[in-house]
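Colleague: Residue numbers (this note's numbering): 80 to 552. No residue lacks a Cβ here, since even glycine has one placed at the ideal position from N, Cα and C.
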Ligand code: FAD
Ligand code: NAD
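(1) Near residue 294, which residues of its chain fall below 6 Å by C-beta distance, leaving aside the five closest residues on each side in sequence?
(2) Give every residue whose Cβ lies closer than 6 Å to any heavy atom of the ligand NAD, listed in chain order.
(3) State the DSSP-derived secondary structure class of residue 252, mapped to helix, strand or coil.
(4) Comparing alpha-carbon positions, which option in 461, 484, 116 lies nearest residue 548?
(5) Taking just the CA atoms, how far does residue 425 sit from residue 155?
(6) Mark residue 146 as exposed unless 16 or more other C-beta atoms lie within 10 angstroms of its C-beta, in which case mark it buried.
(7) Tell me whether residue 91, by its Cβ, gets closer than 8 Å to a heavy atom of the ligand FAD.
(8) If you follow the beta strand (DSSP E) that residue 227 is in, where does it begin and where does it stop?
(9) If you follow the beta strand (DSSP E) that residue 114 is in, where does it begin and where does it stop?
(10) Would you list, in sequence order, the uninterrupted beta strand (DSSP E) runs of no fewer than 3 residues that lie entirely inside the segment 287-325?
(11) Report whether the distance from the Cβ of residue 193 to the nearest heavy atom of the ligand FAD is below 8 Å.
(12) What's the C-alpha gap between residue 182 and residue 176?
(13) Give me the residue from 289, 251, 253, 255 with the minimum Cα distance to residue 268.
(14) Between residue 109 and residue 359, what straight-line distance do the alpha-carbon atoms span, to the nearest angstrom?
(15) With DSSP as the reference, please indicate the residues paired to residue 442 in a beta bridge.
(16) If you follow the alpha helix (DSSP H) that residue 237 is in, where does it begin and where does it stop?
(17) Cutting at 6 Å between CB atoms, please list the residues of its own chain near residue 443, excluding the five before and the five after it.
(18) Using 9 Å as the threshold, is the C-beta distance between residue 106 and residue 84 below it?
(19) In angstroms, rounded to a whole number, what distance separates the CA positions of residue 115 and residue 514?
(20) Hey, residue 101 and residue 184 are a contact pair by Cβ (cut 8 Å); roughly how many whole angstroms apart?
(21) In the DSSP output, which residue or residues are listed as bridge partners for residue 200?
(22) Considering Cα atoms alone, identify which of 299, 99, 455, 418 is closest to residue 180.
(23) Excluding five sequence neighbours on each side, which residues of the same chain lie with their C-beta closer than 6 Å to the C-beta of residue 344?
(24) Indicate whether the contact test is met: 3 or more Cβ pairs, each with one atom in the segment 455-475 and one in the segment 406-414, closer than 8 Å.
(25) Looking at the strands, I want to know which residues DSSP matches up with residue 283.
(26) Please name the residue in 141, 159, 161, 191 whose C-alpha comes closest to that of residue 152.
(27) Under the three-state reduction of DSSP, which class applies to residue 103: helix, strand or coil?
(28) Going by DSSP, which residues form a beta bridge with residue 515?
(29) So, for residue 148: in the same chain, excluding its five sequence neighbours on each side, which residues have a beta-carbon less than 8 Å away from its beta-carbon?
(30) Taking all protein chains shown into account, do 16 or more other C-beta atoms lie within 10 angstroms of the C-beta of residue 508, making it buried, or fewer, making it exposed?
(31) Closest to residue 238 by CA distance: which of 173, 86, 361, 349 is it?
(32) Report buried or exposed for residue 417, applying the criterion of at least 16 other Cβ atoms within 10 angstroms of its Cβ.
(33) Comparing the CB of residue 370 with every heavy atom of the ligand FAD, is any distance shorter than 8 Å?
(34) By the three-class DSSP mapping on this structure, what secondary structure does residue 408 have?
(35) How far does the alpha helix (DSSP H) with residue 428 in it extend, from its first residue to its last?
(36) Can you find a heavy atom of the ligand FAD that lies under 8 Å from the Cβ of residue 229?
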């Protein structure tokens, strides 16, 4: 059986590529190993975590009202099975929607594990009725979108229902009394927030000296302070887990580091120390595709690999491992196949940590600019000066622009505060459009909004922010 274009993997990279290719008139076959489309993002990532974070946020807001505003609420009573069912229903609705969209676009979906036999043949393993009798496909082009998997170092690889990865944590089997989160990155902070708000006594251990290593410290600070209060200071930095062991009804953890030393027991452990590209076990070595030392498929800006028939997108094709980066690369890959002069060269890929407060950035960070020796100036607007932030009782946030000192073109933005994930959209557009700071200062933003802080931070640069007195040096 021959298929002109095969997409391997039905996550936000793969289904975006398949649908876009079909919209452009190509005949597309999408091969996905699981029974539903959606990939990590929909089935055990972005969407379920954000559904649970929505609940965590509302619980946090009611607590703040009780504490600070004289509006009393009872402690929430969590019907865990209802919460779990609601989350699962959101996933099911969206996954079914993707199935329908594939059908309407006439994308042929085969639920099989695809194994490359050579540079133009894919074997189809599995039992699903969608698998053709030939059990293999030849193709003109293949887009590999196989995503990523949790990376679990050997010391933390314990086979026990009490030791979970992010998928286990999102299954929400119960709300344990205590939980240790290993890793202070995206997943550790997001899922740590969920469980802490549901009532679990959460502790977090992080190998490096701070949460979210690599992100600008001034942005991380309000989040770190908030999270530290949430977990009653049980954040152990510069500390590693020497060993983990299931002792029946708990997990025994040996800490080694200045943040914590010695043995402690937890009802559950969530290991969230990063993800690795899913580039093994499906025959890439039978092709000319090259994989780098970290397991990512090497590809150029047109998403082409070293094998002329094969392109790669999404988590398997390099960092950042984010859904919107995957779906953007998907379009580039399809345009490359169509012979268009397209390339993946974004000035800004927004990144959002959906904690409370949220943390978002786009374009250059100060850490990256310093590392790359790029000259930059910074303009910061503290949310304490924002009427809207005061009205929300959330004055800990900040909005900052990074600017090219010669041209005044914006090259980066960082925001910490509630809703930062929504606000960063304007910044991403400004950076992509090469706006100058005076464009932002001169654009009327509605008052009182948190979006105004983007305009205000630009005014800070010129020493003319109305609500703060900070003359330009
Ligand atoms: P995936 O979504 O991983 O999809 C790959 C698909 O390929 C899978 O369905 C897999 O079954 C299939 N596959 C693999 N090998 C084969 C094979 N040989 N044959 C057939 N099928 C195969 N990103 C964000 O941008 N925002 C977020 O809020 C966010 N939250 C996250 C929360 C969690 C807990 C996790 C774990 C991740 C989160 N991410 C988030 C990251 C996001 O999920 C990934 O960046 C995104 O899913 C990558 O898309 P992809 O298409 O490259 O791969
Ligand atoms: P991460 O890279 O974000 O964070 C891992 C953390 O674990 C780091 O702080 C690292 O220093 C620490 N660490 C590493 N080894 C350790 C050890 N042995 N002991 C203690 N700490 C250790 O990885 P993640 O949180 O697992 O998330 C994986 C990826 O998934 C993210 O990088 C991101 O690309 C994606 N993701 C995105 C979102 C989002 O967009 N909101 C949410 C979740 C996941």
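Modeller: In this structure, then:
(1) The beta carbon of residue 294 sits closer than 6 Å to no other beta carbon from its chain once the five residues preceding and following it are set aside.
(2) 232, 261, 262, 263, 264, 265, 266, 267, 269, 284, 285, 286, 287, 292, 319, 320, 351, 352, 353, 354, 399, 400, 401, 431, 432, 433
(3) Looking at residue 252 - three-state DSSP - the assignment turns out to be coil, as it is neither helix nor strand.
(4) 461
(5) 43 Å
(6) exposed
(7) yes
(8) 227-229
(9) Run containing residue 114: none; DSSP gives neither H nor E here.
(10) 319-325
(11) Yes, the ligand FAD has a heavy atom inside 8 Å of this Cβ.
(12) 10 Å
(13) 289
(14) Taking the CA atoms as reference points, residue 109 sits about 19 Å from residue 359.
(15) 491
(16) Note, residue 237: premise wrong, no alpha helix (DSSP H); not H, not E.
(17) 481, 490, 491
(18) yes
(19) 41 Å
(20) Your pair residue 101 and residue 184 checks out as a contact, with CB atoms roughly 4 Å apart and the cut at 8 Å.
(21) Answer is 197, 217, bridged to residue 200.
(22) 99
(23) Residues of the same chain with a CB within less than 6 Å of the CB of residue 344, apart from the 5 flanking positions on each side, are 329, 331 in chain order.
(24) no
(25) Paired residues: 260, 314.
(26) Taking the Cα of residue 152 as reference, the smallest distance to any Cα among 141, 159, 161, 191 is reached at 141.
(27) coil
(28) 488
(29) 472
(30) exposed
(31) 349
(32) Residue environment: residue 417 is assigned as exposed (fewer than 16 neighbouring CB atoms within 10 Å of its CB, all protein chains considered).
(33) no
(34) For residue 408, the secondary structure class from DSSP, reduced to helix, strand or coil, is helix.
(35) Looking at the DSSP string, residue 428 is not in any alpha helix (DSSP H), and its letter there is neither H nor E.
(36) yes
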